[in-house]
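One structure is given below, encoded as structure tokens.
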Amino acid sequence: MLGCKDFYNKTAARWAQNGYADEAEPVCMDEFCALLPTGGRVLDLCCGAGYESFRLHRRGFEPVGLDFSGESLAIAREKNPGVSFYQGDMLESYPQVGAVDGIICIAGLVHVETADLPLAFRRMGEVLKPGGYLLASVRYGTGRMEERSVTEIDGEIYDRNFIAHNEEELSAAAGEAFVLVREMPSDMRIWAYYLFQKNEEVRV
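If you're matching positions, the sequence shown starts at 511 in our numbering and goes up one per residue.
Right, here's the structure in full:
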């Protein structure tokens with residue numbers, strides 16, 4: 511059985527086709543971007559084919575992307591020649607992206623086991639400046655969603671290990687380094703968007 515990275519390499523073009531559509535932009539992006547310094551650096555974590563990086567650049571920010579799918583990054587680089595994209599795992603250190611004023615992680619945490627959420631927040635805290643903001647979206651619920659995890663494409667079986675999370679799990683994982691500011695608006699009831707701020711007094 512093939513894994514999560516294989517799944518996104520296989521489906522990169524499809525995600526790009528859907529993701530670059532104007533209606534695919536999260537409804538809370540205006541509110542999130544208003545919190546960031548003008549022209550600030552923003553990490554598009556689990557950036558996929560780079561559509562949120564494209565939108566951030568169009569808004570006047572300096573995006574930088576990180577994803578583990580090489581096929582997705584190839585599309586991201588082609589569509590965003592002025593943006594830096596790096597290949598890497600969100601659970602491993604990524605100092606190459608440099609310090610950032612904000613982080614968006616749209617659906618990236620759905621492939622992180624609940625037990626690994628604290629590590630994911632720690633890695634984000636390593637690059638996010640004190641006082642910086644994180645916008646993270648999750649599929650609301652708890653535990654692995656079998657019907658979203660396993661799929662067949664062209665005769666191959668893929669398991670992308672799709673994990674639902676809730677506000678309590680995220681808050682516990684954020685620890686002392688982050689403060690949950692509020693839940694943000696969402697136009698999809700099954701997806702929840704949460705705004706966090708990095709504590710200015712805690713060094714990760």
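Where a beta carbon is used, it is the ideal one built from N, C-alpha and C, also for glycine. Since this is a predicted model, take the numbers as computed values, not measurements.
Counted as a single uninterrupted DSSP element, the alpha helix (DSSP H) harbouring residue 632 occupies residues 627-637. Checking the DSSP bridge columns, you'll see residue 595 partnered with 575.
By the Cβ criterion, the stretch 677-689 is not in contact with the stretch 529-545, since fewer than three pairs of Cβ atoms, one from each stretch, lie closer than 8 Å. Less than 8 Å separates the beta-carbon of residue 635 from that of residue 708. Residue pairing by DSSP places residue 647 opposite 616 and 703 in a beta bridge. Under the 8 Å Cβ criterion, the stretch 636-648 counts as touching the stretch 605-618, having at least three qualifying pairs.
Relative to the Cα of residue 670, the nearest Cα in the group 705, 661 and 678 belongs to 661.
If you draw a 10 Å sphere on the C-beta of residue 540, you find fewer than 16 other C-beta atoms in it, and that means exposed.
Minimum Cα-Cα distance from residue 528 among the listed residues 542, 677 and 582 corresponds to 582. Per the Cβ contact rule, the stretch 671-680 is in contact with the stretch 648-658 (3 or more Cβ pairs under 8 Å).
Residue 708 is bridged by DSSP to 688. For residue 710, the closest C-alpha among the options 678, 665 and 643 is that of 643.
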